[in-house]
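What follows is a set of notes on a single structure, which appears directly below.
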Amino acid sequence: MRPRGRAKRLRARRANLRPRARYNFIEARAEILYSLRMKKLLAFGACALFGTCAGAGENGASWIWYPGDFENFLSAQFSSKITYKGALSPADWKISGHYPCVYFFKDYDIKEPETVKIASQGKFAASIDRKIFFAGEPPEITLPAGRHTLKIAVFNYEKIPAIRVEGPSVKSDRSWRVKIDRANAEFEEVERARGLPITRAATDYGFCRPDNPPAKFELPRREIKPAKTEKSPGKIFSDFGEETFGFVKFKGLRGKGTVAVYYGESPEEANSDEHCEVFGKYSFDLEKPADVALPDAQGFRYARAVFSGGLAADEMLMDFEYADIAKRGSFKSSDELLNRIWDVSYRTLFLTAREFFVDGVKRDRWVWAGDAAQSYLMNYYSFFDLPTARRTLWANRGKEPDTKHVNRIMDYSFYWLDSVREYYLYTGDSAFVKDIYPRMKTLADFCISRADENGFAVGRKDDWVFLDWAPMPKSGILCAEQILFARALDSLSECAKIAGESEDCEKFAAMSRGLKEKTLKLFWDDARGTLRHSYENGNFSEKTTRYAGMFAVLFGFLDAQKAEKIRDNILLNGSVQKITTPYMRFYELAALCEIGKHDYVLDEIKSYWGGMLKEGATSFWEVYNPDEKGAQHTAMYGRPFGRSFCHSWGASPLFLLGRYFAGVRPTKAGYSEYEAAPELSKLGWFKASVPTPFGEIKISMDKNSVEIKSDGGIGTLRLKSAAEPVCPGLKFKSDGGGKYSARIEPKKTYRIRYEKI
């Protein structure tokens with residue numbers, strides 16, 4: 221239900237506070253100041269990536285569009301470029317695309333008439349107060365003085381409708397409102413019935429120059445030579461030395477004929493005409509030698525070109541395509557293997573951070589919400605790349621109406637909802653949450669409508685209940701799915717509060733509490749000290765798995781006694797079915813860190829990810845089973861080369877080392893407050909840098925000392941020490957059991973002496 225009353229409008233344009241949100245004066249002032257800081261940061265980050273001018277949407281005009289349209293348009297374009305075995309291979313779920321007709325509104329009040337320039341991505345019509353109409357598509361119009369409403373309707377089937385308006389005082393920015401075309405009136409009635417606004421704030425991230433509209437977005441490229449090349453008559457075989465992504469390029473291509481290019485993440489794959497996962501065939505008729513880049517980008521390390529007819533080339537290179545994002549996080553330690561693991565994790569995420577956070581670069585190159593949920597968290601400890609995170613969240617959600625879960629997978633809908641809350645926690649970007657909350661609410665309605673009569677999440681017809689690539693019962697009520705659902709409802713409650721939807725906030729919080737209680741009551745097995753896996757037709761599954769227990773520990777659903785039982789009976793129990801995907805190892809190892817098993821986790825990181833390095837990995841894999849040998853490592857899905865050797869969820873150590881060993885995490889949105897609880901574990905020393913909205917938090921530790929400095933925010937340093945830590949000007953409080961804490965002010969360097977326990 222929409223609130224009947226409306227709070228008075230705060231007179232602070234830059235704060236972008238929604239009129240219906242209720243704040244007291246102190247809260248409003250704090251949000252205004254924080255929004256200003258975040259707006260500068262987000263504009264800078266977007267401009268760095270898009271190559272646009274600084275200050276977008278603050279001092280100058282920005283291109284604006286309907287929320288989610290740019291991301292949906294880009295997602296459709298992106299999906300149309302993916303190939304498998306020489307054929308188009310788009311994602312097999314709903315690809316939303318953009319709305320073809322959008323109305324833009326601006327209420328203005330000016331003392332004198334002023335002329336504004338209009339740039340449009342599409343045909344447009346402009347009017348004032350529905351009375352003054354401008355013929356044609358004028359590049360400039362004169363606005364009459366006084367209080368009026370400027371309306372611009374933009375139509376574009378091929379690209380997203382977008383505008384840029386610039387005048388002395390009237391400029392296109394997030395203060396404008398947008399509405400979709402009348403053809404979507406039925407959808408609008410559904411929105412209205414759900415209590416959602418029909419007109420929404422325009423989106424303006426990242427594009428401000430008149431000559432750089434959203435449709436011009438593209439990733440940069442640079443030429444790379446192979447590390448090794450073998451040439452034979454009619455063939456070129458190149459090894460680029462490491463996993464990469466881009467366009468194969470021929471130097472001195474000449475003649476008439478065809479070239480077949482076979483790509484591989486292993487030499488065996490690139491040399492297999494029959495089983496190579498990705499290949500392409502191209503015809504040319506060139507009168508003189510030319511340098512030619514092929515039109516299809518692929519992920520690979522090895523490439524084999526086979527020429528026929530009269531076609532030949534001097535060299536095979538590649539144009540490396542990449543996201544132009546800066547490396548901001550770091551982790552170095554006394555353990556060289558661990559350092560190598562961090563570096564390869566970084567490259568893995570870097571390669572899969574593209575227009576969106578994708579799963580892998582060879583295949584699928586699809587935007588899976590489960591994979592992305594982990595990519596966001598790894599990103600917050602490495603690049604802090606917010607534009608890609610926002611684009612991925614929008615693209616994953618798509619448009620209404622909802623007939624299936626996100627990516628068709630029930631658990632992925634839950635991950636998506638929680639990822640919005642995580643984004644806000646790490647960035648403090650409340651404007652984004654307000655933009656996307658209507659899509660959160662409609663997805664929540666869909667998820668709730670699919671629950672059973674007791675409110676448990678269950679798989680319906682055509683739903684994919686995934687969890688992991690492992691043999692397990694997936695029908696009936698799965699305990700792990702209820703924990704993910706309850707977590708998603710928690711996230712909805714928090715985001716509803718940010719969006720000013722107090723009734724939703726209370727409703728979703730109550731639903732989450734109720735689901736937690738029912739889940740623990742049904743699934744907790746006190747005799748065995750475990751959470752049962754599933755329940756169907758009055759019977760519990762006899763199979764014991766790690767998933768429910770690790771999620772319950774990770775999300776804080778259990779008291780200390782139950783968490784210890786899960787630790788001993790499940791997580792550290794070698795007889796329970798092992799997890800073989802980095803995907804679920806992420807959560808398993810994070811849960812173990814939450815209950816203090818850092819030494820064990822460090823050993824597991826070195827053994828598991830180190831095992832892939834021993835196999836020659838230059839990026840981390842989709843699946844790694846240490847018991848497999850030789851060709852078993854490349855096989856998956858019944859195909860000899862089906863496994864991905866560069867998969868985003870393989871980069872887990874970025875998050876694990878930053879969050880649990882450097883020990884840094886935000887405790888309030890945007891790191892306005894944070895915690896640093898460093899854990900040396902078995903290391904001799906480490907030095908880490910964790911990116912934040914205001915800069916970095918730098919922390920180092922050895923067996924006797926800790927050094928920490930933050931560029932902003934108020935921190936709480938937590939240390940374990942045999943005696944009270946010592947630092948001039950810093951007062952420690954004893955928290956009992958050899959644990960101490962102290963308040964960390966920004967812009968100060970603290971050097972602390974402690975006694976390792």
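Residues in the sequence shown are numbered from 221 upward in steps of one, following my numbering. A virtual CB, placed ideally from N, CA and C, is assigned to each residue, including glycine.
{"Asked": "Whole beta strand (DSSP E) elements within the segment 704-785, 3-residue minimum", "Found": "754-756"}
{"Asked": "Supposed contact pair residue 664 and residue 712 - C-beta distance, whole angstroms, cut 8 angstroms", "Found": "5 angstroms"}
{"Asked": "Member of 841, 824, 798, 778 whose CA lies at the smallest distance from the CA of residue 815", "Found": "778"}
{"Asked": "Distance between residue 880 and residue 681 (C-alpha atoms, nearest Å)", "Found": "40 angstroms"}
{"Asked": "Per DSSP, the bridge partner or partners of residue 358", "Found": "Note: residue 358 sits in no beta bridge, so no partner."}
{"Asked": "Uninterrupted beta strand (DSSP E) stretches inside the segment 851-909 (no shorter than 3 residues)", "Found": "884-888, 893-896"}
{"Asked": "Nearest-angstrom Cβ-Cβ length linking residue 459 and residue 522, presumed shorter than 8 angstroms", "Found": "5 angstroms"}
{"Asked": "Short Cβ contact (7 angstroms threshold) for residue 571 with residue 533", "Found": "no"}
{"Asked": "Rounded Cβ spacing between residue 340 and residue 383 (contact assumed at less than 8 angstroms)", "Found": "5 angstroms"}
{"Asked": "For residue 321, the residue or residues it bridges with in DSSP", "Found": "375"}
{"Asked": "Three-way DSSP call (helix, strand, coil) for residue 406 in this model", "Found": "Only weak support is given to the placement of residue 406: the predicted model assigns it a pLDDT of 46, under 50, and the value that follows is read from those uncertain coordinates. The answer is helix: DSSP assigns residue 406 an H, G or I state."}
{"Asked": "CB of residue 739 within 7 angstroms of CB of residue 781, strictly", "Found": "no"}
{"Asked": "6 angstroms Cβ shell around residue 905 - same chain, five flanking residues per side excluded", "Found": "554, 922"}
{"Asked": "Validate contact between the segment 859-879 and the segment 842-849 using beta carbons, cut 8 angstroms, 3 pairs", "Found": "yes"}
{"Asked": "Neighbourhood of residue 980 by C-beta, 7 angstroms cutoff - its chain only, sequence neighbours within 5 removed", "Found": "There is no way to answer for residue 980, as the model of the chain reaches only from 221 to 977."}
{"Asked": "Cβ-Cβ distance between residue 874 and residue 602 below 7 angstroms", "Found": "yes"}
{"Asked": "Nearest-angstrom beta carbon gap, residue 393 and residue 510 [assumed within contact, 8 angstroms]", "Found": "Not really, about 45 angstroms apart at Cβ, beyond 8 angstroms."}
{"Asked": "With 16 other Cβ atoms within 10 Å as the buried cut-off, status of residue 939", "Found": "buried"}
{"Asked": "Neighbourhood of residue 771 by C-beta distance below 6 angstroms, restricted to the same chain and skipping five residues each side", "Found": "700, 703"}
{"Asked": "Whole-number beta carbon distance between residue 562 and residue 577, since they are thought to touch under 8 angstroms", "Found": "Not really, about 19 angstroms apart at Cβ, beyond 8 angstroms."}
{"Asked": "Residue from 457, 695, 376 with nearest C-alpha to residue 446", "Found": "457"}
{"Asked": "Limits of the unbroken alpha helix (DSSP H) element including residue 654", "Found": "650-670"}
{"Asked": "Sub-7 angstroms separation of residue 950 and residue 970 beta-carbons", "Found": "yes"}
{"Asked": "CB contact flag (residue 586, residue 616, <7 angstroms)", "Found": "no"}
{"Asked": "Candidates 853, 818, 763: closest to residue 798 by CA position", "Found": "763"}
{"Asked": "Alpha-carbon spacing of residue 1066 relative to residue 596, whole angstroms", "Found": "No answer is possible for residue 1066: the residues shown for the chain start at 221 and end at 977."}
{"Asked": "Beta carbon of residue 710 nearer than 7 angstroms to that of residue 732", "Found": "yes"}
{"Asked": "N-terminal and C-terminal residue of the alpha helix (DSSP H) that residue 514 is part of", "Found": "Neither: residue 514 is in no alpha helix (DSSP H) and is coded neither H nor E."}
{"Asked": "First through last residue of the alpha helix (DSSP H) which encompasses residue 916", "Found": "No alpha helix (DSSP H) holds residue 916; the beta strand (DSSP E) holding it covers 915-922."}
{"Asked": "Per-residue burial, residue 859 [other beta carbons within 10 Å of its own, 16 or more giving buried]", "Found": "exposed"}
{"Asked": "Cβ neighbour criterion (16 or more within 10 Å) applied to residue 911", "Found": "buried"}
{"Asked": "Cut-off 8 angstroms between Cβ atoms - residues of its own chain near residue 806, not counting five sequence neighbours on either side", "Found": "594, 869, 872, 875, 876"}
{"Asked": "Sub-7 angstroms separation of residue 630 and residue 679 beta-carbons", "Found": "yes"}
{"Asked": "Residue range of the unbroken beta strand (DSSP E) whose run includes residue 961", "Found": "959-964"}
{"Asked": "Inter-stretch contact at 8 angstroms, needing at least 3 Cβ pairs: the segment 619-628 / the segment 308-328", "Found": "yes"}
{"Asked": "Residues near residue 818 by beta carbon distance below 6 angstroms, same chain, minus five either side", "Found": "899, 901"}
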